[in-house]
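For my numbering, add 548 to where a residue sits in the sequence shown, where the first one is 1.
Please read the structure below before turning to the comments.
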Amino acid sequence: LLCYVVMAFNIAQVGKYIGWLLAAGFISQFLQAFAVYPLLYFTLTRRNPFPYIKNITPALATAFATASSAATFPWTLQCATEKNGIPHT
C-alpha cells in the first residue's frame, strides 16, 4: 500500500505531507506539555507549575533518551520524592 502511494504521488508532495504531519505532532505535544499540563497543575494545586517541571527534567530527559519506562522509573521516583517533596509511600 505504501509503495502504491509513493509511486502514485510526487515524492516531494509526499515529503511535504510527512513534514506537515510531523509539525502538527510536535506542536500538539508542545502545547500539551507547556500549556495544558501546567494549567491543570495550577488549577488543581494553586501552585506555580514551572518549578515542578524544572525538577522533573532529569526524568523527562531519561524517558526521552531511553524510550523505556522501566529505565525511567528510578529517576521519576527520585525526582518526585527528593526534589518535589512528594512522600514516598
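By construction, the Cβ of each residue, glycine as well, lies at the ideal position given by its N, Cα and C atoms.
Owing to the predicted nature of the structure, the values given are computational and were not obtained by experimental measurement.
| Item | Value |
| --- | --- |
| Taking Cβ to Cβ, would you say Cys627 is nearer than 8 Å to Ile604? | yes |
| Using beta-carbon positions only, say whether Pro599 and Tyr589 come within less than 8 Å of one another. | no |
| Checking 8 Å against the spacing of the C-beta atoms, do Ala609 and Thr624 come in under that value? | no |
| Does the distance from the CB of Thr620 to the CB of Thr629 come in under 8 Å? | no |
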